[in-house]
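One structure is given here, and the rest of the page talks about it.
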Amino acid sequence: MTQTWYPLTGALKRRGRPDGGSRDSLVPGTYKPNATNTGLLNDPARPMTVIDGNVIMTTNGQKLVDTIVNGFVEMRGVDQLVENCHIRGPVGQTVPPGGSKGLIHCSSAGTLRATIKDTLIECQTPQYGWDAIQGHDYTALRVRTRRTTDGFGVFNATAPDTPVNVTILSCWVENMTKFYPDGGAHVDGTHNDCIQLQGGTGGIVIRGNLLQGVIDQNTGNTGGLNVDGTGTPLSPACHQTNSCIQLNRNVGELSGMVCEDNWMYGGQIAVNGTAISTAVTLGSFQRNKFDHDQYFDVAQQGTNTTQTIRIHPTPTCTIPASGANANVYEDTSAPVLVRRAT
462 MTQTWYPLTG ALKRRGRPDG GSRDSLVPGT YKPNATNTGL LNDPARPMTV
512 IDGNVIMTTN GQKLVDTIVN GFVEMRGVDQ LVENCHIRGP VGQTVPPGGS
562 KGLIHCSSAG TLRATIKDTL IECQTPQYGW DAIQGHDYTA LRVRTRRTTD
612 GFGVFNATAP DTPVNVTILS CWVENMTKFY PDGGAHVDGT HNDCIQLQGG
662 TGGIVIRGNL LQGVIDQNTG NTGGLNVDGT GTPLSPACHQ TNSCIQLNRN
712 VGELSGMVCE DNWMYGGQIA VNGTAISTAV TLGSFQRNKF DHDQYFDVAQ
762 QGTNTTQTIR IHPTPTCTIP ASGANANVYE DTSAPVLVRR AT
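The working numbering puts the first residue of the sequence shown at 462, with every later residue one more than the last.
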């Protein structure tokens, strides 16, 4: 197998920063993630080992470093680490058990304080249901994901309605893969989200990430287009995924999140919280930056097409409408209008 090396030079090639410093000195939210500061370190002094198959981590404190995995990784213990790895998923069109699984899976009852850092996660054979990371009690730092259904999944199926303790920092989600049909999960095929939160009552921090809600035009089976319930491409053409951040209650109540200093591009609705209809303190959304590429189907939803942040009116949220902590459009610095609508 041939390892892909990005065209980096000098100190950047050795350490991952133009000034030659360690990536660990970078402060999440103060810089935009890109190919030089997320994913593999591309350090010639750290040669990569190849594992053909799945890796099940069961020992507390276990580490997986400098490794290419042609399979998936399960982190089932305490204080485990995945660092500078290329997680490529299984070969072939293999639908995961239950229809969904993370290429890095942190859903075991025994998973606690898992860390994934400076790692590239991508499906070598994209298939609906393969997400980048799923689970609870993990920290993702400078992780780059692409060619998956979702980027990050946040939930704890073994202990719903408890803190999930997930921190996602300085990561880059790009080029998600759309499939229609998707095994019956949705009538309109995969609902691709950069981050999908499905439950958890706190311990959720999302800071300094680049979330690009755009469908990959070279994988999947819809030509990079989103489709309706018959598989017909939406009109006008829609290359946007479902959302950059999707908020649900599929696995317990959802509350107590911090979402700040992120860059969010695309998505039919960039931040979609219309499914949270209970009287919870959902959390805070501050200082996030957006583009104008959200897609909103006027034929279905009416003439109000500004749908960058859409939250149900019932939950309590801290979303400043103006001032230094407001969410803004990146090109104009104009505050984002928040829709509190069902």
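Glycine is no exception: its CB is placed at the ideal position from the N, C-alpha and C atoms.
Because the structure is a prediction, the values reported are computed rather than measured.
Within 10 angstroms of the beta-carbon of glutamine 678 lie fewer than 16 other beta-carbons, which makes it exposed. Per the DSSP secondary-structure output, threonine 779 pairs in a beta bridge with Ser745. Measuring C-alpha to C-alpha distances from glutamine 585 to each of Pro551, Asp592, Gly522 identifies Pro551 as the nearest. In terms of CA proximity to threonine 510, Leu525 leads the group Met518, Thr499, Thr519, Leu525. If you ignore the 5 residues before and after arginine 668, its C-beta comes within less than 6 Å of the C-beta of Pro489, Gly490, Leu630, Glu721, Asp722, all in its own chain and listed in chain order. Of the candidates Asn749, Asn531, Arg507, Arg507 places its Cα closest to the Cα of asparagine 545. When DSSP states are grouped into helix, strand and coil, serine 486 belongs to the helix group. Comparing C-alpha distances from alanine 782 to each of Thr793, Val797, Asp792 shows the shortest one belongs to Val797. Spatial neighbours of alanine 787 in its own chain (CB-CB distance under 6 Å, excluding positions within 5 residues in sequence) are listed in chain order as Pro781, Pro796. With a threshold of 16 other beta carbon atoms within 10 Å, glutamine 595 meets it and is buried. For methionine 718, the uninterrupted beta strand (DSSP E) segment begins and ends at 715 to 721. Residues of the same chain with a CB within less than 8 Å of the CB of aspartate 598, apart from the 5 flanking positions on each side, are Cys567, Thr572, Leu573, Arg574, Ala575, Asn617, Val625, Asn626, Val627 in chain order.
Proline 557 and aspartate 592 have their C-alpha atoms roughly 10 Å apart. Between the segment 676 to 692 and the segment 645 to 658, the count of Cβ pairs shorter than 8 Å is three or higher; the stretches touch. As a beta-bridge residue in DSSP terms, threonine 510 pairs with Thr528. Taking 8 Å as the upper bound for CB-CB distance, proline 494 and asparagine 749 are not in contact here, some 14 Å apart. Judged by DSSP in its simplified three-state form, proline 694 adopts strand. Short of 6 Å from the beta carbon of alanine 736, and not among the five residues preceding or following it, lie these beta carbons of its own chain, in chain order: Asn709. Looking at the DSSP output, tyrosine 726 bridges to Gln673. Note on geometry: alpha-carbon atoms of valine 712 and glutamine 701 lie some 25 Å from one another.
Beyond the five residues adjoining it in sequence on each side, serine 561 comes within less than 6 Å, by CB distance, of Gly590 in the same chain, given in chain order. Between glutamine 657 and leucine 672, the alpha-carbon positions lie close to 12 Å from each other.
In terms of Cα proximity to methionine 725, the closest of Arg800, Thr742, Glu714, Cys705 is Cys705. For tyrosine 599, the enclosing beta strand (DSSP E) begins and ends at 599 to 602.
Boundaries of the beta strand (DSSP E) harbouring isoleucine 582: 581 to 583, taken from the DSSP string.
Residue state for proline 494 is assigned as coil, using DSSP reduced to three classes. With distances taken between CA atoms, isoleucine 548 lies nearest to Arg608 out of Thr793, Arg608, Gln768, Gln541. The beta-carbon separation of isoleucine 517 and valine 530, rounded to 11 Å, does not stay under the 8 Å limit for a contact. Taking each of Gly744, Phe746, Ser745, Gln729 in turn and checking the Cα distance to aspartate 752, the smallest one comes out for Gln729.
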